[in-house]
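Please read the structure below before turning to the comments.
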Amino acid sequence: MPLISDEQIFNPKARAKLINALIDSHVSTKRTLYKQLRRYWQRGQIQNALLPDYKLSGGKGKKRQATDKKLGRPRIITSGKGAIITPEVEKLFRRTIEKYLLVAKKNTFPFTHRQFKSIYETYYPETPEEEIPSLWQMKHFYTREYKQAEVMSKQVTNIAYQKDVRPLLSTVNTNTLGPGSRFEIDATIADIYITSNSERACIIGRPVVYTVIDSFSRMVAGIYVGMESPSYATAMQALTNALTDKVAYCAKYGIDITNEEWPVNGLPDAILADRGELIGYQIESLERNFSIRIENTGPYRGDAKGIVERYFGTLQAIFKPFLPGIVTGTKIKKQGDRDYRLDAKVTLNEFIEIILTSVLYHNQFHTLEYYDRDIDMPEDLAMTPLSLWNWGLQNRTGKLRSAPEEAIQIALLPQIDVTCSPLGIKALGIYFTSSEILEQGWLHRGKSVKRPQNLKAAYDPRTANQIYLFPEKNNNKYWICKLADRSREFIDCTFWEVEKVQSEQKQAISKSKMTSDNKLRALESAMAKKVKEIEKNAINTAQMSDAERLRQINDNKEKAKEAERKETAFHPNVNKKNQSADIIPITKQDDDCSFPDYIDELFDED
Numbered sequence: 000m001p002l003i004s005d006e007q008i009f010n011p012k013a014r015a016k017l018i019n020a021l022i023d024s025h026v027s028t029k030r031t032l033y034k035q036l037r038r039y040w041q042r043g044q045i046q047n048a049l050l051p052d053y054k055l056s057g058g059k060g061k062k063r064q065a066t067d068k069k070l071g072r073p074r075i076i077t078s079g080k081g082a083i084i085t086p087e088v089e090k091l092f093r094r095t096i097e098k099y100l101l102v103a104k105k106n107t108f109p110f111t112h113r114q115f116k117s118i119y120e121t122y123y124p125e126t127p128e129e130e131i132p133s134l135w136q137m138k139h140f141y142t143r144e145y146k147q148a149e150v151m152s153k154q155v156t157n158i159a160y161q162k163d164v165r166p167l168l169s170t171v172n173t174n175t176l177g178p179g180s181r182f183e184i185d186a187t188i189a190d191i192y193i194t195s196n197s198e199r200a201c202i203i204g205r206p207v208v209y210t211v212i213d214s215f216s217r218m219v220a221g222i223y224v225g226m227e228s229p230s231y232a233t234a235m236q237a238l239t240n241a242l243t244d245k246v247a248y249c250a251k252y253g254i255d256i257t258n259e260e261w262p263v264n265g266l267p268d269a270i271l272a273d274r275g276e277l278i279g280y281q282i283e284s285l286e287r288n289f290s291i292r293i294e295n296t297g298p299y300r301g302d303a304k305g306i307v308e309r310y311f312g313t314l315q316a317i318f319k320p321f322l323p324g325i326v327t328g329t330k331i332k333k334q335g336d337r338d339y340r341l342d343a344k345v346t347l348n349e350f351i352e353i354i355l356t357s358v359l360y361h362n363q364f365h366t367l368e369y370y371d372r373d374i375d376m377p378e379d380l381a382m383t384p385l386s387l388w389n390w391g392l393q394n395r396t397g398k399l400r401s402a403p404e405e406a407i408q409i410a411l412l413p414q415i416d417v418t419c420s421p422l423g424i425k426a427l428g429i430y431f432t433s434s435e436i437l438e439q440g441w442l443h444r445g446k447s448v449k450r451p452q453n454l455k456a457a458y459d460p461r462t463a464n465q466i467y468l469f470p471e472k473n474n475n476k477y478w479i480c481k482l483a484d485r486s487r488e489f490i491d492c493t494f495w496e497v498e499k500v501q502s503e504q505k506q507a508i509s510k511s512k513m514t515s516d517n518k519l520r521a522l523e524s525a526m527a528k529k530v531k532e533i534e535k536n537a538i539n540t541a542q543m544s545d546a547e548r549l550r551q552i553n554d555n556k557e558k559a560k561e562a563e564r565k566e567t568a569f570h571p572n573v574n575k576k577n578q579s580a581d582i583i584p585i586t587k588q589d590d591d592c593s594f595p596d597y598i599d600e601l602f603d604e605d
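In this text, residue positions in the sequence shown follow numbering that gives the first Met the number 0: the first is 0, and each later residue adds one.
Put into structure tokens, the structure is as follows:
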């Protein structure tokens, strides 16, 4: 190529002369020469740089209009010429795809095409099978017209899309300032069967594990391990553990720690939980008295608190390889397999101890390999929950707010409306009283006694022996009210047992009332029958005047009393002999061989 082989081509003036010479010789036009020269320089100064842009051939992604001939290569194996895709066919494509493919039923594309064939035949019944638009023609339309994001959002439910499919544009740490900014709480049923503390042979089922985790540091703030089902009552116990000191709790299970090893002891700014656990008026006391914001996830949105959800898997992965009674799948014995429930040997207290040691390991030594650091975190900071917690307290939030442990526990208890009467404070159908109530005179009887209205009380579902009455609105002051004598049948019961007993009592009363009503109707019927009989047998009193009958009442009464006295007087039988009772010896006696005594018979009166 004489143009690019000349060294003067890089000189603008010389290059212009060379190009003008080629133009004069009618080799090409000026525009073409400059375009090709620019392409040559821009694309590496090789011969292939002058090739056309084949990547733009075919009009990828562009819609082509078919006339009287099918688009694409002719058929080789399949019979027929193939169908031309018209706008009417595209409408049927779209209708079928949106009805059968872009739904959450996970239908396959071949199934969708078969449904399209059925629809197509209703519109064009005379069309041969080989001339119906093919699977590949429909798939080409599908890939051209529908974007991937649209397809993925429509092929799952909205809940599944929000939880598992949607793009994640941020992280948890971008919304948390430091330790205590947010605690996440959730529960799971552990994959292990355990036994009773008092009787190892007694299998009591799978325990519930509640976990409270600090979102910033991933520190486990508190736990609950027990047999109560997930509910507000059990969440309350986990939160109490999270907001209070852990040294005494660990010592209860034989684990000695210092406060520095598990330093979570204070009130967070927010608590994130499922809607069913911390929603409604029950948690309002904690919000109002300690300024803790309660956040609730949407339904079926476990991803909203992914940190605590993920920790359950990490926690169980620690003990699963070692403990007996682990859930391994189906409990039906197949091919001689043993039922894993029968392998249960770990008691509840032993399992709590194992969970506590696992939590202590996680807090102090577990490395958060994929933790997203903030810009101000030092490079040599150890990525363990305890290190992040201590660094965050020093550089971000400072020490957590504190409150008396008893006040926290009372604030976490569920609250109910109670009423006051001369019988005491009525809560959940049973009565309570206290010295403060007696001093106020609320239990005195009389119309002039003034009693407060709209009282509230907190109660511990685990014991019905006492409640905590709030005598003043919007005040933390409370009175401890003990079970009244009237409700002594519920001493040492739980409120769950109280509810069960009350339900059984109501059923028994309802059944008794039905029997009572039936018997009362029978009594009333008998009385009506008796009255008719009395009226029938009554004598005719027309011979006596009313005044005369009234004057004789006292005389008649005296005669009736005398007759009653004679009839009911005690008359002992004087002829009855006084006989002593036979004495039956306990031990075996020797046979009596003495002579018989006939004195009583000889001298007895006839």
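C-beta: ideal position from N, C-alpha, C; glycine also. Computed from a predicted structure; not experimentally measured.
- Per DSSP, the unbroken beta strand (DSSP E) holding I293 starts and ends at R292 to N295.
- Annotation for I184: the continuous beta strand (DSSP E) segment containing it runs F182 to I188.
- At a Cβ-Cβ threshold of 7 Å, I131 and T95 do not count as neighbours.
- Within the DSSP bridge table, the entry for I325 names I191 as partners.
- DSSP links C419 through a beta bridge to I424.
- Residue environment for N240: buried (at least 16 other C-beta atoms within 10 angstroms of its C-beta).
- Following the DSSP letters along the chain, one finds V530 inside the alpha helix (DSSP H) bounded by residues F494 to N536.
- With fewer than 16 neighbouring CB atoms inside 10 Å of its own CB, Y360 falls in the exposed class.
- For K29, the enclosing alpha helix (DSSP H) has its first and last residue at K29 to Q41.
- Under DSSP, W478 shares a beta bridge with L468.
- Between the segment 103-123 and the segment 81-93, the count of C-beta pairs closer than 8 Å reaches three or more; the two stretches touch.
- The beta carbons of N464 and L482 sit closer together than 7 Å.
- Excluding sequence positions up to five before and after P262, its CB lies within less than 7 Å of the CB of W388, all in the same chain and listed in chain order.
- For E561 and C492, the gap between their C-alpha atoms comes out near 59 Å.
- Between T233 and I222, the gap from beta carbon to beta carbon reaches 7 Å or more.
- When the five nearest sequence neighbours on each side are left out, the beta carbons in the same chain lying within less than 8 Å of the beta carbon of F289 are those of L266, R400, A402, I407 and A410, in order along the chain.
- With contacts defined by Cβ atoms closer than 7 Å, K245 and L271 do not form a contacting pair.
- Closest option to Y99, judged by alpha-carbon separation, among V155, S133, G81 and K80: V155.
- For I353, the enclosing alpha helix (DSSP H) begins and ends at L347 to F364.
- Under a 10 Å Cβ-count criterion, M526 is classified as exposed, with fewer than 16 other Cβ atoms of the shown protein chains found around its own Cβ.
- With respect to G177, R395 sits close: the two C-beta atoms are nearer than 7 Å.
- In the structure shown, K162 adopts helical secondary structure according to DSSP, grouped into three states.
- Judged by DSSP secondary structure, L271 falls within the beta strand (DSSP E) whose first and last residues are A269 to A272.
- Contact annotation, A343 with I202: C-beta distance approximately 5 Å; criterion of less than 8 Å satisfied.
- Counting only unbroken stretches of 4 or more residues, the alpha helix (DSSP H) elements lying wholly within the segment 113-172 are 134-144 and 147-153, in sequence order.
- Inclusion of V345 and L322 in the CB contact set at 7 Å is warranted, their separation being smaller than that value.
- Straight-line spacing of the CA atoms in E183 and E471 works out to 32 Å.
- Going by DSSP, L437 is part of the alpha helix (DSSP H) stretching over S434 to Q439.
- Residue state for A343 is assigned as coil, using DSSP reduced to three classes.
- Inter-segment contact for the segment 97-112 and the segment 78-89 is absent: fewer than three beta-carbon pairs are separated by less than 8 Å.
- Looking at R74, E349 and G297, the one whose alpha-carbon comes closest to that of N196 is E349.
- Following the DSSP letters along the chain, one finds A234 inside the alpha helix (DSSP H) bounded by residues Y231 to L242.
- Counting along the chain, I18 sits inside the alpha helix (DSSP H) bounded by residues P11 to D23.
- In this structure, the alpha-carbon of I424 lies about 13 Å from that of H443.
- Shown here for F489: same chain residues with a beta carbon closer than 6 Å to its own, the five before and five after excluded, namely I429, A463 and V497 in chain order.
- According to DSSP, K455 shares a beta bridge with D416 and F469.
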